[in-house]
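Take a look at the structure below.
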Amino acid sequence: MTTNIEQQINETWGQPFVEDAKISIRNMDVFYADKQAIFDVNLDIGKHEVTALIGPSGCGKSTFLRCLNRMNDTIPICRVAGDISLDGENIYDTHKDPVLLRARVGMVFQKPNPFPKSVYENVAYGPRLHGLALNRAELDDIVVTSLKKAGLYNEVKNRLHSVATGLSGGQQQRLCIARTIAISPEVILMDEPASSLDPIATAIIEELIDELRKNYTIAIVTHSMQQAARVSQRTAYFHLGRIIEVGETTQIFTNPQHELTENYITGRFG
Amino acid sequence: MNNTEQIKKSLKKRYRQEKRFRLLSLLAVLTGFACLFILLVDMIINEKLNISANFDLEALQNANFRGLIKQSLHQLFPTVRKRSDKRALMRLISVDAEYRLRDKLQAEPQLLGETVPIWLLVDDDVDTYLKSDKQFGRVSQEQIAWITELEQQDRFQQRFNYWFFQTGDSREPELAGILGAVMGSFYTLLVTLLLSFPIGVMAAVYLEEFAPRNRWIDFIEVNINNLAAVPSIVFGLLGLAVFINFFGLPRSAPLVGGIVLALMTLPTIIIASRSAIKAVSPSMREAALGLGASKIQVAFHHVVPLAMPGILTGTIIGLAQALGETAPLLMIGMVAFIVDIPQGATDAATVLPVQIYLWADSPERAFVAKTAAAILVLLLFLVAMNGLAVWLRKKFERRW
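Line by line, the protein sequences give chains A and B. Be aware that the first sequence starts at 32, since it is given in the working numbering, and climbs by one per residue. Be aware that the second sequence starts at 8, since it is given in the working numbering, and climbs by one per residue.
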């Protein structure tokens with residue numbers, strides 16, 4: 032039985048490719064020094080849908096996600112091979128600017144990490160950086176719109192200029208989302224955005240993700256299978272640096288093809 | 008049950024250990040405080056001695072101010088006839104007295120032709136003699152008699168020595184002031200700060216944020232750490248050889264002293280700044296990078312401001328160290344006897360610790376009090392700098 036499974040992990044089951052892909056990943060390998068973390072991954076992330084990445088700890092989901100906006104460039108020993116293209120252009124081309132890429136592909140992190148500045152300054156930082164607002168009124172407008180989109184505006188409208196680190200955890204995370212969408216990225220990557228939040232704050236974030244899907248392409252890493260089932264349209268199951276199975280979320284959760292996927296989503300996998 | 012007994016037994020032992028440790032820590036703190044207290048009390052008691060005695064006499068109008076003083080003294084002691092005795096009598100008064108008399112007349116010309124009582128500075132030997140309860144001081148038997156007589160006439164008075172804070176060094180202890188050394192220290196530290204702070208912070212930012220990890224960078228790191236342990240006199244030799252002999256910068260100048268001390272302070276600032284930068288949470292860097300900030304923007308918008316309290320603390324510690332440094336300055340000639348107050352960084356100057364050394368080394372007994380006062384001024388300088396450091400820390404500290 033075990034040998035059977037080991038043999039089967041070298042290929043990806045399901046449908047890794049979609050017609051209308053925003054990001055396509057082909058034959059991607061990632062190495063940390065000599066250790067290989069991702070093995071020959073192929074995946075499409077569809078436009079205006081939420082793609083969930085699930086799998087046990089240490090399976091390479093976060094590494095995979097961080098490669099999509101070249102956050103792993105900051106780790107000197109990390110090396111990425113293969114093709115990752117955003118709208119058909121390889122983001123790892125030597126002449127491509129990672130700064131521009133990160134403006135187009137935003138990221139929300141596991142732990143809320145607002146800057147130790149005011150709420151307003153946190154959201155205004157990105158637009159100021161890229162010169163997106165010509166004057167104060169435009170900037171105000173961007174800040175308010177972003178906060179509204181993140182569903183935070185009503186809670187903070189009276190303390191836009193107080194310190195952001197005084198907000199609650201869930202509010203901080205929504206502030207980070209507002210900060211990300213303030214520069215109107217095309218893709219938002221979320222690395223376990225609700226893992227440090229309570230169920231109520233989590234529910235708010237999940238609703239928000241569903242809302243954001245209309246305008247953005249989203250890839251989300253999550254440890255909660257329920258969350259993946261609730262917010263995503265497509266799900267990819269990672270195991271030891273490989274994608275074992277990928278497909279429509281409903282199909283993955285109701286009728287998984289691969290034995291490892293089934294074991295994981297039914298909780299039989301440790 | 009057995010387990011609980013066992014834990015109870017070990018608990019007693021653990022609490023005992025804790026108590027012992029706390030007691031020892033308290034003892035350490037108290038020892039530190041006691042040392043500081045003793046030092047301060049010692050200083051203040053010495054400081055009381057640093058008040059000059061003045062001595063009054065009637066002045067007559069004459070262009071020869073020295074002659075004027077002579078005449079007045081002669082009126083007080085008409086029995087003194089011998090030339091050598093007259094000279095000894097004159098030595099009771101500071102050599103500077105005639106100039107102060109002139110200055111007074113210049114300031115108040117209406118005194119011309121009047122006879123007024125006036126206070127003049129006494130010589131340092133008389134000063135020492137009076138302040139040491141007549142035990143010390145190089146005064147002759149005749150002089151002692153005169154002093155006793157003057158004392159009975161109530162012609163001595165102790166006053167606070169403002170002069171001390173307004174002048175430069177002098178061969179005469181009663182005339183010596185600290186301002187020259189204070190200004191020298193100020194200019195030297197200014198040069199040190201202007202050089203070492205930007206260079207140190209830049210170096211730290213580069214090494215932490217931008218430098219590739221390779222053998223060269225490791226080599227540079229090891230060298231910076233070693234530099235922090237180099238004896239300071241070696242930096243003085245470097246200053247002498249490079250800045251004075253090779254570049255021809257002026258000798259004894261705060262400019263050269265500042266450069267040398269900047270070199271000495273740099274490792275301290277770099278090491279402190281690097282650890283402050285390292286302590287900035289990586290999530291801040293990720294947040295900024297994720298929004299599309301470039302590396303430079305991440306460093307200067309987020310990392311450096313967050314590390315600023317630590318950087319400033321390191322800088323002030325480095326500067327305080329530089330303020331107390333003597334050895335390298337001896338090599339570049341800042342140990343010279345300089346009377347003029349420096350007007351800029353290229354004038355010849357000395358600094359506070361060197362001034363303390365110079366006065367402590369002088370044979371005149373009255374310089375002991377000057378030394379103590381100079382130490383107090385130096386300590387005040389240090390306290391002020393540390394206060395500034397605390398204030399800056401508070402100002403720049405931001406909640407995470």
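Backbone N, C-alpha and C fix where the C-beta goes; we use that ideal spot for every residue, glycine too.
For residue i: DSSP bridge partner residues
i, result
"B:Arg73", "None, per the DSSP bridge assignment."
"A:Lys66", "A:Tyr63"
"A:Ser55", "A:Asp75 and A:Ser116"
"A:Ile274", "A:Phe269"
"A:Gly45", "A:Val277"
"B:Gln328", "BP columns for B:Gln328 are empty, so no partner."
"A:Met138", "A:Leu220"
"A:Ala250", "A:Thr82 and A:Leu220"
"A:Asn121", "A:Ser116"
"A:Ser149", "A:Val194"
Alpha-carbon spacing of residue i relative to residue j, whole angstroms
i, j, result
"A:Ile296", "A:Arg273", "17 Å"
"A:Thr94", "A:Gly182", "29 Å"
"B:Thr333", "B:Gly120", "52 Å"
"B:Val189", "B:Ile318", "26 Å"
"B:Ala60", "B:Arg88", "With a pLDDT of only 45 at B:Ala60, under 50, the local geometry of the prediction cannot be trusted, and the value read off the model is given with reservation. Cα-Cα distance, rounded: 26 Å."
"B:Leu330", "B:Glu115", "42 Å"
"B:Pro289", "B:Leu270", "31 Å"
"B:Leu108", "B:Leu186", "22 Å"
"B:Trp170", "B:Gly184", "7 Å"
"A:Leu243", "B:Pro219", "39 Å"
"B:Ala210", "B:Leu196", "20 Å"
"B:Ala367", "A:Ile108", "59 Å"
"A:Ser226", "B:Asn10", "39 Å"
"B:Glu156", "B:Phe250", "58 Å"
"A:Asp65", "B:Ala283", "31 Å"
"B:Leu75", "B:Lys93", "14 Å"
"A:Gln288", "A:Thr82", "18 Å"
"A:Ser177", "A:Gly91", "31 Å"
"A:Asn294", "A:His270", "12 Å"
Closer than 7 Å: residue i CB and nearest the ligand HEM heavy atom
i, result
"B:Leu201", "The model on display carries no ligand, and the ligand HEM is accordingly not part of it."
C-beta neighbour in chain A for residue i, strict 8 Å
i, result
"B:Glu216", "no"
"B:Gly299", "yes"
"B:Ala286", "no"
"B:Ala248", "no"
"B:Ala314", "no"
"B:Arg400", "no"
"B:Trp407", "Its pLDDT being 47, under 50, B:Trp407 is placed unreliably by the model, and nothing is read from it."
"B:Arg21", "no"
"B:Ser220", "Sequence inspection shows Arg at residue 220 of chain B; the Ser mentioned does not correspond to that position. It does: the Cβ of B:Arg220 has a partner Cβ on chain A nearer than 8 Å."
"B:Met291", "yes"
"B:Ala294", "yes"
Residue-level contact to chain B via CB, residue i, 8 Å cutoff
i, result
"A:Phe146", "yes"
"A:Arg190", "no"
"A:Val187", "no"
"A:Phe95", "no"
"A:Arg110", "no"
"A:Pro224", "no"
"A:Met221", "no"
"A:Met138", "yes"
"A:Thr233", "no"
"A:Tyr156", "yes"
"A:Lys142", "yes"
"A:Arg210", "yes"
Under 7 Å by beta carbon: chain A residues contacting residue i
i, result
"B:Gln304", "Leu160"
"B:Ala283", "Those within 7 Å of B:Ala283 in chain A number zero; the least Cβ separation is about 15 Å."
Chain-ordered chain B contacts of residue i [CB-CB under 7 Å]
i, result
"A:Ile214", "Leu298 and Gly299"
"A:Ala308", "The question about residue 308 of chain A has no answer, for chain A in this structure spans 32 to 301."
"A:Pro47", "Within chain B, no residue comes near A:Pro47; the closest Cβ sits about 26 Å away, beyond 7 Å."
"A:Val130", "Gly299 and Ser301"
For residue j and residue i, believed in contact at Cβ under 8 Å, the rounded distance
i, j, result
"A:Gln203", "A:Pro224", "That belief does not hold up - the Cβ atoms of A:Gln203 and A:Pro224 are roughly 11 Å apart, past 8 Å."
"B:Leu296", "A:Leu160", "No, B:Leu296 and A:Leu160 are not in contact; Cβ-Cβ is about 11 Å, not under 8 Å."
"B:Met338", "B:Leu244", "6 Å"
"A:Ile85", "A:Thr253", "6 Å"
Interface residues of chain B facing residue i [CB-CB closer than 8 Å]
i, result
"A:Val174", "Those do not exist, as A:Val174 stays about 14 Å from chain B at its closest Cβ, beyond 8 Å."
"A:Ser102", "The displayed chain sequence assigns Met, not Ser, to residue 102 of chain A. Here the neighbours are Glu293, Leu296 and Gly297."
Chain A contact residues for residue i, given Cβ-Cβ distances below 9 Å
i, result
"B:Glu228", "Those do not exist, as B:Glu228 stays about 16 Å from chain A at its closest Cβ, beyond 9 Å."
Amino acids of chain B, ordered along the chain, whose beta-carbon sits closer than 9 Å to that of residue i
i, result
"A:Met256", "Under the 9 Å cutoff, chain B gives no residues; its nearest Cβ is about 26 Å from A:Met256."
"A:Pro107", "Pro219 and Arg220"
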